[in-house]
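>
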Amino acid sequence: MKQNYQFPDHSAERMRTGSVRRVNFELGEDLRGLGEGKTFYIRTYGCQANVRDSETLAGMFGMMGFIPVSSPEEADVSVFNTCAVRRAAEDHVLGEIGSLKPLKTAHPEKIFAVCGCMAQEESMVKLIASRYPQVDLLFGTHNLDRFPVLLARALAGERTIEVNSDGAGSIVEGMPVQRSRGFKAYVNIMYGCDKFCTYCIVPYTRGKERSRQMDDVIAEIRAAKAAGAKEVTLLGQNVNAYGKDIGLSDGFTDLLRSAAETGIDRIRFYTSHPRDYREETIDVMKEYPNVMPALHLPVQSGSDEILKRMNRGYTIGQYYDLWERMKEKIPGITFTTDLIVGFPSETDEQFQKTLDLADRCRFDSAFTFVYSPREGTPAASMPDDVPAEVKKERLAALNEKIGFYARQNNEAAVGTVLKVLCDGPSKKDPAVLCGYSEENRLVNFTGEGVTEGDIADVKITQARSFSLLGETLR
Ligand code: SAH
Ligand code: SF4
Ligand code: F3S
-12 MKQNYQFPDH
-2 SAERMRTGSV
8 RRVNFELGED
18 LRGLGEGKTF
28 YIRTYGCQAN
38 VRDSETLAGM
48 FGMMGFIPVS
58 SPEEADVSVF
68 NTCAVRRAAE
78 DHVLGEIGSL
88 KPLKTAHPEK
98 IFAVCGCMAQ
108 EESMVKLIAS
118 RYPQVDLLFG
128 THNLDRFPVL
138 LARALAGERT
148 IEVNSDGAGS
158 IVEGMPVQRS
168 RGFKAYVNIM
178 YGCDKFCTYC
188 IVPYTRGKER
198 SRQMDDVIAE
208 IRAAKAAGAK
218 EVTLLGQNVN
228 AYGKDIGLSD
238 GFTDLLRSAA
248 ETGIDRIRFY
258 TSHPRDYREE
268 TIDVMKEYPN
278 VMPALHLPVQ
288 SGSDEILKRM
298 NRGYTIGQYY
308 DLWERMKEKI
318 PGITFTTDLI
328 VGFPSETDEQ
338 FQKTLDLADR
348 CRFDSAFTFV
358 YSPREGTPAA
368 SMPDDVPAEV
378 KKERLAALNE
388 KIGFYARQNN
398 EAAVGTVLKV
408 LCDGPSKKDP
418 AVLCGYSEEN
428 RLVNFTGEGV
438 TEGDIADVKI
448 TQARSFSLLG
458 ETLR
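Following this line, the structure appears as structure tokens:
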């Protein structure tokens, strides 16, 4: 077995320094025909960073001549692009790769690869290497550009593990991309995260915060637009910090403005962090109609004490203030958030503050999570003393509140006309179309002559908790 491990040292990570290398991707001549007559399948877990990485992998497969298929049963090579953010996410992946064993026994020539954030975790890599012999190839988030070389080794029968901590980090430009939907383009503006929220594994699995050059980002947006994209989503774990590491003083505002000036129909960005939000960014959102009036602004908790122990770097007062200014300046803006319940030692009173926050901000929706200890993070060594039963009750109470306001906000949209970018037929009913409004509301609708990638005017007729129903205007 060829092994090359270099795991991040969790305790030393905060000290990481050094300059970021910008390198160009190249596919060796010898690898171009590797996929001739072969098929591939990719299963993606986790966040948009992984979705975008999978699109890069699909681009590489395409360059090597592989053809996509829709299951590991059909594929010669299957890749599982994993997430480590919570224990449940990891358990789910382990269950799925565990169930590949009979397929591998029946077809030893099939290749199974595991990549993504779990592959940056020492304990996970060791577990998979020792207990999951059906996995032929493991590579980390910093080794994405090495995939063709590593795959060639695996296809030659060599079990391969390559994980790099890449302390200073690098940025690889020029990697191919096969977007899952051409009319919606994800564009990375930065990689990694330096926020080190005490509960979170992402700064370790994704490495140092490093921004792409603005020209590289804008060139990718222009190329996506020329290829038919209607919507671009700028991606980073903390987009408001864009450019700090490359000496830009208000990089995100400038980038957002330049992106808007490409004239693409819709621009979104994900994820924002309350700590780095600038007034000028709000002004650009207001000024350019193609910057969508929807903000995902994770708050995590309504208690200042908990926020402090999470190392979030803002108070609830500051969050409310930002929320108020956004609502005031950008009429009709929708607000969504992320919330964690059951952080170590969270009291009933502290949890009540999260419920109060939900009452005050009336979010359009929220992702709610039970705190999950992550090995090597500072919170993992705080006593996880909130009983499981209490965590469950808190989650249910919070979800009820979030659902209440989500529905109330959706009901207020009944009778209005929203511009919906059509994603195609809905999963549940092929006779119904679905898509997202400018405010990022999910709309299921009927209408003649609308196909995926079209932007349609849809009259809203009915509200559900997390979606709207409507019909196109004739
Ligand atoms: N960079 C983004 C989010 C990345 S992770 C941000 O800062 O907002 C997505 C969400 O997962 C986080 O917002 C948080 O709510 C949740 N999360 C992260 N680590 C977690 C943990 N250990 N337990 C429970 N939820 C967690
Ligand atoms: Fe994790 Fe915090 Fe970074 Fe978001 S900002 S990825 S929650 S460390
Ligand atoms: Fe998961 Fe990694 Fe994203 S841990 S949430 S896939 S950055």
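In this text, residue positions in the sequence shown follow the numbering used here: the first is -12, and each later residue adds one.
C-beta atoms are modelled at their ideal positions from N, C-alpha and C, and glycine is treated no differently.
Would you call Q107 buried or exposed, if buried means 16 or more other Cβ atoms sit within 10 Å of its Cβ?
Q107 is buried by the Cβ-count criterion.
> Please confirm if the segment 281 to 300 is in contact with the segment 316 to 326, defined as three or more CB-CB distances below 8 angstroms between the two stretches.
The answer is yes - the segment 316 to 326 touches the segment 281 to 300, with three or more Cβ pairs under 8 angstroms.
> CA-CA distance, D237 and M279?
Rounded to whole angstroms, D237 to M279 spans 20 angstroms at the Cα level.
> What residues are listed by DSSP as bridge partners for V357?
Answer is V328.
> Note down the Cα distance separating S245 from R255, rounded to an integer number of angstroms.
Approximately 13 angstroms, taken between the alpha carbons.
> Looking at the ligand SAH, does it come within less than 7 angstroms of Q107, judged from the CB to the closest heavy atom?
For the ligand SAH, not one heavy atom lies less than 7 angstroms from the Cβ of Q107.
> Please report the straight-line C-alpha distance between E498 and P55, rounded to a whole angstrom.
Residue 498 lies beyond the residue range present for the chain, which begins at -12 and ends at 461; the question has no answer from this structure.
> Got a sec: does the ligand SAH put a non-hydrogen atom nearer than 7 angstroms to the Cβ of C409?
No, Cβ of C409 sits at least 7 angstroms from all heavy atoms of the ligand SAH.
> So, are the CB atoms of I176 and L242 less than 8 angstroms apart?
In this structure, L242 lies closer than 8 angstroms to I176 by Cβ.
> Thinking just about the alpha-carbon of each residue, which of D123, F338, N151 is nearest to the one in K(-8)?
Just to set this straight, residue -8 is Tyr in the shown sequence, not Lys. With distances taken between Cα atoms, Y(-8) lies closest to N151.
> With the cut-off set at 8 angstroms, would you say T438 and E458 are in Cβ contact?
Taking 8 angstroms as the Cβ cut-off, T438 and E458 do not qualify as a contacting pair.
> May I ask which residues mark the beginning and end of the alpha helix (DSSP H) holding E362?
Taken as a continuous stretch (DSSP letters only), E362 belongs to no alpha helix (DSSP H), as it is neither H nor E.
> What span of residues does the alpha helix (DSSP H) with L44 cover, start to end?
35 to 50 is the span of the alpha helix (DSSP H), which, as asked, contains L44.
> At the level of alpha carbons, what is the spacing between R166 and C102?
Cα to Cα, the separation comes out at about 19 angstroms.
> Go to I84, then tell me how far its alpha helix (DSSP H) extends in each direction, as first and last residue.
Here the alpha helix (DSSP H) through I84 covers 74 to 85.
> Alpha carbon to alpha carbon, how far is H129 from D63? Give it in angstroms, no decimals.
C-alpha separation (whole angstroms): 24 angstroms.
> Exposed or buried, what is T462 when buried is set at 16 or more other beta-carbons lying within 10 Å of its beta-carbon?
This structure cannot speak to residue 462, because the chain is shown only from -12 to 461.
> Assign A418 to one of two classes, buried (16 or more other C-beta atoms within 10 Å of its C-beta) or exposed (fewer than that).
Exposed: under 16 other Cβ atoms inside 10 Å.
> Indicate whether the contact test is met: 3 or more Cβ pairs, each with one atom in the segment -7 to 13 and one in the segment 139 to 148, closer than 8 angstroms.
Touching, no.
> Report the residue from R253, L44, Q337, L385 whose alpha carbon sits nearest the alpha carbon of V407.
It is R253 whose Cα lies nearest to the Cα of V407.
> Can you have a look at V226 and say buried or exposed, based on whether 16 or more other CB atoms are within 10 angstroms of its CB?
By the 10 Å Cβ count, V226 comes out buried.
> What number of angstroms, rounded off, separates the C-alpha of H79 from the C-alpha of G411?
In a straight line, the C-alpha of H79 is about 29 angstroms away from that of G411.
> Among the residues of its own chain, which have a CB less than 6 angstroms from the CB of F463, if the five just before and after it don't count?
Residue 463 lies beyond the residue range present for the chain, which begins at -12 and ends at 461; the question has no answer from this structure.
> Could you check if L125 is buried or exposed, using at least 16 other CB atoms within 10 Å of its CB as the buried criterion?
Result: buried.
> Below 6 angstroms CB to CB, which residues in the same chain sit around R74 once its five sequence neighbours on both sides are set aside?
For R74, where only same-chain residues beyond five positions count, the Cβ hits under 6 angstroms are S359.
> Rounded to whole angstroms, how far is the Cβ of E160 from the Cβ of R9, which I believe are closer than 8 angstroms?
With a Cβ gap of about 6 angstroms, E160 and R9 count as contacting.
> In chain order, what residues of the same chain have a beta carbon less than 6 angstroms from the beta carbon of S481, not counting five sequence neighbours either side?
For the chain, the structure presents residues -12 to 461; residue 481 sits outside this window and is missing.
> Taking D263 and A228 to be in contact with their CB atoms under 8 angstroms, please state how far apart those CB atoms are, rounded to whole angstroms.
Confirmed, about 5 angstroms.
> Classify R118 as helix, strand or coil using the three-state DSSP reduction.
The answer is helix: DSSP assigns R118 an H, G or I state.
> Report the option in S57, L14, V174 whose CA atom is closest to the CA atom of Y28.
Per the Cα distances, S57.
> Are the beta-carbon atoms belonging to I104 and T192 less than 8 angstroms from one another?
The sequence given here places Cys at residue 104; Ile does not occur at that position. Their beta carbons are under 8 angstroms apart, which means C104 touches T192 by this criterion.
> Hey, would you say the C-beta of R197 is under 7 angstroms away from at least one heavy atom of the ligand F3S?
False, no ligand heavy atom lies under 7 angstroms from that Cβ.
> Along the chain, where does the beta strand (DSSP E) containing A172 start, and where does it finish?
Where A172 is concerned, the enclosing beta strand (DSSP E) stretches over 171 to 175.
> Going by DSSP, what residue range makes up the beta strand (DSSP E) through L455?
455 to 459 is the extent of the beta strand (DSSP E) around L455.
> So does the segment 47 to 54 actually touch the segment 17 to 32, counting three or more Cβ pairs closer than 8 angstroms?
Because the criterion of three Cβ pairs below 8 angstroms is met, the segment 47 to 54 and the segment 17 to 32 touch.
> Taking the straight line between their C-alpha atoms, what separation do you get for A213 and M47?
Taking the straight line joining both Cα atoms gives about 21 angstroms.
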